[in-house]
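Enquirer:
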Amino acid sequence: MTSIVLFGPPGAGKGTQAARISSLTGKPQVSTGDMLRAAVASGSDLGSEAKGYMDAGLLVPDGVIIGLISQRLREPDAESGLLLDGYPRTIAQAEALSEVEDVSMVISIEVPDEAIIERIVGRRMDPHDGTIYHIRFNPPPTEAASRVVQREDDNEETVRNRLSAYHEQTAPLADWYQDRGVLVRIDGDRTIGEVGDAIGSAIASMGSRDV
Ligand code: AMP
Numbered sequence: 003m004t005s006i007v008l009f010g011p012p013g014a015g016k017g018t019q020a021a022r023i024s025s026l027t028g029k030p031q032v033s034t035g036d037m038l039r040a041a042v043a044s045g046s047d048l049g050s051e052a053k054g055y056m057d058a059g060l061l062v063p064d065g066v067i068i069g070l071i072s073q074r075l076r077e078p079d080a081e082s083g084l085l086l087d088g089y090p091r092t093i094a095q096a097e098a099l100s101e102v103e104d105v106s107m108v109i110s111i112e113v114p115d116e117a118i119i120e121r122i123v124g125r126r127m128d129p130h131d132g133t134i135y136h137i138r139f140n141p142p143p144t145e146a147a148s149r150v151v152q153r154e155d156d157n158e159e160t161v162r163n164r165l166s167a168y169h170e171q172t173a174p175l176a177d178w179y180q181d182r183g184v185l186v187r188i189d190g191d192r193t194i195g196e197v198g199d200a201i202g203s204a205i206a207s208m209g210s211r212d213v
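This note's numbering numbers the first residue of the sequence shown as 3 and each following residue consecutively.
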């Protein structure tokens, strides 16, 4: 089994692009952020441990998150690989993943910091189906407009911390994966459709390589 990693700063568009990539490749999308938010909402021990880090814009400790993903990889629908969104985020996580799973492609969606804050602060989610919108760039349809919600960690102060965590702990992973020949860089500072098309072409050009 081989998995695909969606990589990039917070607000790069990983979650937005994931549905399309998942249907192109048949690999289920697994977002560690979504898993952690579900754990927080359920009031589990894991959720209580993770919440403080998430609210502060810090990464949850590697041990916690590596355990969570190892468990997820053992579920039946993970047999042909997963589309990993938001994991790995540290070299230690990438090393742990490489021990249990092959990664055929790392799609790095690149967006400059200046664009990130505006994107994240305007981000909203429809709690009915998880669809992600932006109040200016991709506004929700009228029927969803009154129910969309903002993530607790999508405020400017926390976003700045999340960006620092990204640059210090996560960005070095791009070189780590480039050295292993699986990194594909995508300019994410374009429309949702353009970024999606670029990712679609990158996946198609993998040709006979197993994605
Ligand atoms: P996301 O939804 O991917 O932006 O993740 C939201 C928050 O969950 C992050 O700011 C971290 O606190 C935590 N988180 C998600 N994935 C990871 C990960 N792979 N490693 C550590 N913390 C994570």
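Note that CB positions come from ideal geometry on N, CA and C, so glycine has one too.
Y89 and T172: beta carbons closer than 7 Å?
Expert: Here residue 89 is taken as the residue at index 87 of the sequence shown, counted from 1. Here residue 172 is taken as the residue at index 170 of the sequence shown, counted from 1. No, the Cβ-Cβ distance between Y89 and T172 is not below 7 Å.
Enquirer: For A204, which residues from the same chain have a beta carbon less than 6 Å from its beta carbon, with the 5 sequence-adjacent residues on both sides left out?
Expert: The residue labelled residue 204 in the question sits at position 202 within the sequence shown. So the qualifying residues of the chain are V186.
Enquirer: For D156, count neighbouring C-beta atoms within 10 Å of its own C-beta (all shown protein chains included) and say buried if the count is 16 or more, exposed if not.
Expert: Along the sequence shown, one-based indexing puts residue 156 at 154. Buried, since its Cβ has 16 or more Cβ neighbours within 10 Å.
Enquirer: Verify the contact flag: L38, CB atom, against every heavy atom of the ligand AMP, threshold strictly below 6 Å.
Expert: Counted from its first residue, the sequence shown places residue 38 at position 36. L38: yes, Cβ under 6 Å from the ligand AMP.
Enquirer: Identify every residue that forms a DSSP beta bridge with H217.
Expert: Limits of the chain in this structure are 3 at one end and 213 at the other, which puts residue 217 out of reach.
Enquirer: Go to M107, then tell me how far its beta strand (DSSP E) extends in each direction, as first and last residue.
Expert: Here residue 107 corresponds to residue number 105 of the sequence shown, with the count starting at 1. Per DSSP, M107 belongs to the beta strand (DSSP E) from 104 to 112.
Enquirer: Assess contact between the stretch 52 to 59 and the stretch 158 to 172, defined as three or more Cβ pairs (one per stretch) separated by less than 8 Å. Is contact present?
Expert: Short answer: they touch.
Enquirer: Note down, in chain order, each residue of its chain lying with its Cβ closer than 7 Å to the Cβ of I188, except the 5 sequence neighbours on either side.
Expert: As a first step, residue 188 is located in the sequence shown; it is residue number 186 there, counting from the start. Answer for I188: I109, S110, I111, E112, V197, A200, I201, A204, listed in chain order.
Enquirer: Given the structure, does V62 come close to the ligand AMP, in the sense that its CB is under 6 Å from one of the ligand's heavy atoms?
Expert: Here residue 62 is taken as the residue at index 60 of the sequence shown, counted from 1. Yes.
Enquirer: Which complete alpha helix (DSSP H) runs does the stretch 167 to 213 hold, if anything under 4 residues is left out?
Expert: Counting only runs of 4 or more, we get 174 to 181, 194 to 206.
Enquirer: Could you check whether V7 and L86 sit closer than 7 Å to each other, using their CB atoms as the reference points?
Expert: On the sequence shown, residue 86 is found 84 positions in, with the first residue counted as 1. On the sequence shown, residue 7 is found 5 positions in, with the first residue counted as 1. Cβ distance < 7 Å, so L86 and V7 count as in contact.
Enquirer: For E145, which option in F139, V66, Q152, H130 has the closest C-alpha, if you only look at C-alpha atoms?
Expert: Taking the first residue of the sequence shown as 1, we reach residue 145 at position 143. Checked all of F139, V66, Q152, H130; the closest Cα to E145 is H130.
Enquirer: Counting only the same chain and skipping the five closest in sequence on each side, list residues whose C-beta sits under 8 Å from that of E20.
Expert: Here residue 20 corresponds to residue number 18 of the sequence shown, with the count starting at 1. According to the sequence provided, residue 20 is Ala. The question's Glu does not apply to it. Cβ within range, chain order: L8, Q31, S33, L85, D87.
Enquirer: Tell me Q8's beta-bridge partners as DSSP assigns them.
Expert: Translated into positions along the sequence shown, residue 8 becomes position 6. Reading the sequence as shown, one finds Leu at residue 8 and not Gln. L8 is bridged to D87, I109.
Enquirer: Given this structure, state the Cα-to-Cα distance separating S44 from E51, to the nearest angstrom.
Expert: As a working mapping, residue 44 is identified with position 42 in the sequence shown. As a working mapping, residue 51 is identified with position 49 in the sequence shown. One C-alpha to the other measures close to 12 Å.
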